[in-house]
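Residue numbers (my numbering), protein chains in the order written: chain D, 2 to 174; chain P, 38 to 450; chain S, 34 to 319. Single-structure report; data block below.
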Amino acid sequence: MRHAGHFVRLLALVAIAMVGFLFVRSQVIPKDFGVKGHYRLSAVAEEAAREPRHLGSEACAECHDDISAEWTAGKHTTPQCENCHGPGLMHVKKVSDDSTAGYSDKILTQYETAINRSTGMHECRWCHLKTFERPSTLKSIASVEKHVVQHKGTFTPETKCIDCHNPHTAAVK
Amino acid sequence: MHHYITEGYVLPNQAHIYWTSMIVLYPYITGIVAGAFIISSLHHVFDKDELKPVSRFAMVMAFAFLLFATLPLLNHLGHPERALNIMFTPNVTSAMAGFGFIYSAYLFILAVEIWLVYRTDIVHLYNETKYPALKPVYWLLALGVLDISEEAKALDHKVMVVLAAIGIPAACGLHGYVGFIFGAIKANPWWASPLMPVIFLLSAIVSGVAMVMICYIVIHWVRGRAIDGACVTALIETAWYFLIIDVALELLELINHAYMANEDWIILKELVTGKLFVSMFIIQILLGSVVPFLAMGAVVVFKERIPAAVRNVIGVACGLLLLAQVGAMRWNVVMGGQMFSKSLRGFLNFQIDIYGREGLIAAAVILSLPFVVIYVFSRLLPLWGSVETFPKEWMKDKPPVRQPLKGYTKFTS
Amino acid sequence: MHRLSQPAHGGSQVTSISQPDDVSRRRFLETVAKTGGQSFLFGSLFVNTALLRLPQAGHDAKSRAETEIGKGVIYGFVVDTTKCIGCGSCVRACRAENDVPDGYNRTWVEQYTFYPDGEVFVNSPSGGEDGFADPLPTRNVPSGAEQAPMRGFFVPKLCNHCIDTPCIQVCPVGASFKTDEGVVLVDHEHCVGCGYCVQACPFGSRFIDPRTHTAGKCTWCHHRVTKGLLPACVVSCPADARIFGNVSDPESTISRILATNRVQVLKSYLGTRPRTRYIGLDSEVI
């Protein structure tokens, strides 16, 4: 068409832009995108490759067999070891082959503290301090002071549950 | 995302507000685009001659705002460097994925529209510009084709009309899909509504018309140029009509919620009468809708009995109120929808940042960038009229164009 | 009108020269363009919705109870709110296992307390991470007077891994997806951090991780489950309030629980068809 020279050039520019877009897309789009669905297939494997950090109480037993035996025989088996002591992965890594390189300091200190954290007081509160909504079948106390006094003990602000109770078996010492 | 003070019970992950000022700003900007484009189309497609003085400016304003429409979104994204994923791997069930394509298509349509409208001027300026340094710029803008024969102009005109006609549903799509992004979210009872795309679109038109109106009057005041009364009246009328339909639907939405009184109405009622009271009833409805309705309505009803100076003041003042109204509407939808929890039991208090990536200053900067573009454009091409209207400003001095004397027939040769 | 390109006739009152062919052709073009444009938009919207989003394709009434016996491994989750003691072990275990950022939760526990005057007090301090050790049996209720509560319970919540996920539906880039086993995951390399999925989730299960700027949520500990372990929250629960397993195996614990209990889901009216079921929900649990 005569007198349409400017449109021809415009359409040429558009065509170049579209081709350019498709080319860039072909280079940038992940190769395994859309294989199974509208997602990048390797994302599944990437997610699955993360390390489990809770190892389970059986793993603790491998080294701490005496405490584990005591725990299994006692009345406090509903919480697992890692409930109070935190996940064991970092601890195992550190003590077995010190393979804690590459993990951020934040995770390392987090787990170190967790492993050492069982204050023998704070963790017990989570389950055993009386809360109205809790099923009454669970043994709990309304206040530490009253409980200590009721059982003829001496209560101080530093009193801990583990002063009287074995944390692994719940038995009174 | 910050922790906001919560009242009542708010779901833990909802103690943060994820969509803030940038998501309020984005529909605001595309809204101005849609409204300005409608003004321009009213002239080009529907032959509303009164709007001729602003039609070129409206188109340029639409384009300038459209250029920056992506900026608030890019600023908000967690990974703006991956933003093109939206166009490389779009999820066809996601309204948001439509953004890249709808935006690109509309940007193209609008750019070609402006190009065709200004092509004659571009070629004239290439030949005779006062500033020879700009010649290469004009050559580029003309794509190196300097044909402005009658046949070329006629072809341009045909294409322009078709584009303007396609541009109207495209503008509706550009803004309607934003409303759909909110309206199709069943998880949020404040958003989920089939009226949402329509309300967004209508308020968009109101904001665009208002912005064109304000700019026309203020720029001509400042430059000391005559203001075309019929044009201002037409702008006010257009804004008024669209305001009526827009507010009717906004109120319908609210009344519908209240009347149906679903499970969510208890908390929504508290939201609307509490945290959103000022932004909704004072700014959006009273100051932003009722006052402009009355003031602009007076202009529509009493027409010539309103003196031109008063009409211009009404135009600017109501324009500003309408801009506030539409901004408040966007705010009430976007922020309001996040200021209550999906637990239907609690609220958050949202304090907007001043500084920060999504703060007020960032929003103000983004909103002012289109005006920079408009200014730069105005240095290259005339915003009002054409180079033939103001030849001395644009073109080298040369013998005046033959002006036929009154009473003589013009010969075309 | 700018159809006239020559300088205007001085003083002439001619405003437009009617040229019928030009006008009717233009009107025709306009109509075609407008109709065509609108038809295309609406048509594509309709086709999109019909073909790609109707979840009822192939869905018959009886499968509302969702038995997928024998269809390969499909995971499910049951939360037994009658057993939860509100200790918060699950929240702590999840946070440690998945590096959940502070202030956000992949799972959390809600506390519901009912008062005689009808008030319901719902609370989740830090998601229940430090338990609910508020020993006072009475609280100041909104009406101001102190009242002893009538009843209460805990409701643990997590991502429901819905069958008709609204989050996958709205993700613009395909970063949110479902594995063959029904686990809903996020591709952190592809996510742009727009936050649309966070808005679309009716349950508040999702958040934007402030460190990675991508969407985060409970993954049913996909990295543990694919190694034959249970999710961290399930392992750590001392009260057997969380059950996880393969719902397509009729002999699994979870299948037996689903077969013999009245189970509910959250916000069933929204039609997302969650795979996380609850035992013992109350109408006040939203």
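Ideal Cβ positions, reconstructed from N, Cα and C, are used throughout, including at glycine.
Non-local C-beta neighbours of S:P243 in its own chain, meaning closer than 7 Å and more than five positions away in sequence, comprise P134, ordered along the chain. By the 16-neighbour rule on beta-carbons within 10 angstroms, P:I222 is buried. Here S:V206 carries a coil assignment [DSSP, helix/strand/coil]. Residue pairing by DSSP places S:D113 opposite S:I312 in a beta bridge. Buried is the label assigned to S:E214, since at least 16 other Cβ atoms lie within 10 Å of its Cβ. In summary, P:Y392 is exposed, with fewer than 16 beta-carbon neighbours lying within 10 Å of its beta-carbon over all protein chains present. Taking the Cβ atoms as the reference, P:H116 lies roughly 15 Å from P:M59, outside the contact range of under 8 Å.
Inter-residue distance for S:V318 and S:A233 is about 19 Å (C-alpha atoms, whole angstroms). Under the 8 Å criterion on CB atoms, S:Q202 is classed as interfacial with respect to chain P. S:A292 is the residue among S:S316, S:G304, S:T305, S:A292 whose C-alpha sits nearest the C-alpha of S:V111. P:L385 is not a Cβ neighbour of P:V160, given a cutoff of 8 Å. Closer than 8 Å to the CB of S:H256 there is not a single CB belonging to chain P. A residue is called buried once 16 or more other Cβ atoms fall within 10 Å of its Cβ, and P:M366 is buried on that count.
Close CB contacts of S:C224 within its chain, under the 6 Å cut and outside five residues either way in sequence, are with A208, T247, A248 (chain order).
Remark: C-beta atoms of S:T305 and S:P182 do not approach each other more closely than 8 Å.
With its beta carbon less than 8 Å from one in chain S, P:I123 belongs to the interface. Exclusion of the five residues before and after P:L357 leaves I251 as the residues of its chain whose Cβ lies within less than 7 Å of its Cβ. Contact between the region 264 to 273 of chain P and the region 332 to 341 of chain P is present: three or more C-beta pairs spanning the two stretches fall below 8 Å.
Residues of the region 27 to 60 of chain D with a C-beta less than 7 Å from any C-beta of chain P: V29, I30, F34, H39, listed in chain order.
Annotation: the region 308 to 388 of chain P contains the following complete segments of the alpha helix (DSSP H) (minimum length 4 residues), in chain order: 328 to 339, 345 to 371.
Just so you know, the alpha carbons of S:D113 and S:L314 end up roughly 9 Å apart. Counting C-beta atoms within 10 angstroms of its own C-beta, S:N131 has 16 or more neighbours from the protein chains shown and is therefore classed as buried. Look at D:R126: its C-beta is not under 8 Å from any C-beta on chain P. Following the DSSP letters along the chain, one finds S:R184 inside the beta strand (DSSP E) bounded by residues 184 to 191. The three-state reading of DSSP puts D:L130 in strand, counting E and B together. Residues of chain D whose Cβ lies closer than 8 Å to the Cβ of S:E130 are, in chain order, P53, R54, H55, P88. If only complete runs of 4 or more residues are kept, the region 158 to 246 of chain P shows the alpha helix (DSSP H) at 172 to 178, 187 to 220, in order along the chain. Contact between the region 340 to 351 of chain P and the region 295 to 311 of chain P is not established, with fewer than three Cβ pairs separated by less than 8 Å. Under the three-state reduction of DSSP, D:I30 is assigned to coil, being neither helix nor strand. Chain D places a beta carbon closer than 8 Å to that of S:P271, counting this residue as a contact.
According to the DSSP assignment, S:N279 belongs to the beta strand (DSSP E) that extends over 275 to 279. Against D:A5, the close residues of chain P are L192, in the order they occur along the chain (beta-carbon pairs closer than 7 Å).
Judged by DSSP in its simplified three-state form, P:M124 adopts helix. Going by DSSP, P:W421 is part of no alpha helix (DSSP H) at all; its letter is neither H nor E. Nearest C-alpha to P:P234 among P:I398, P:G383, P:E300, P:D283: P:D283. D:I142 is bridged by DSSP to D:L130.
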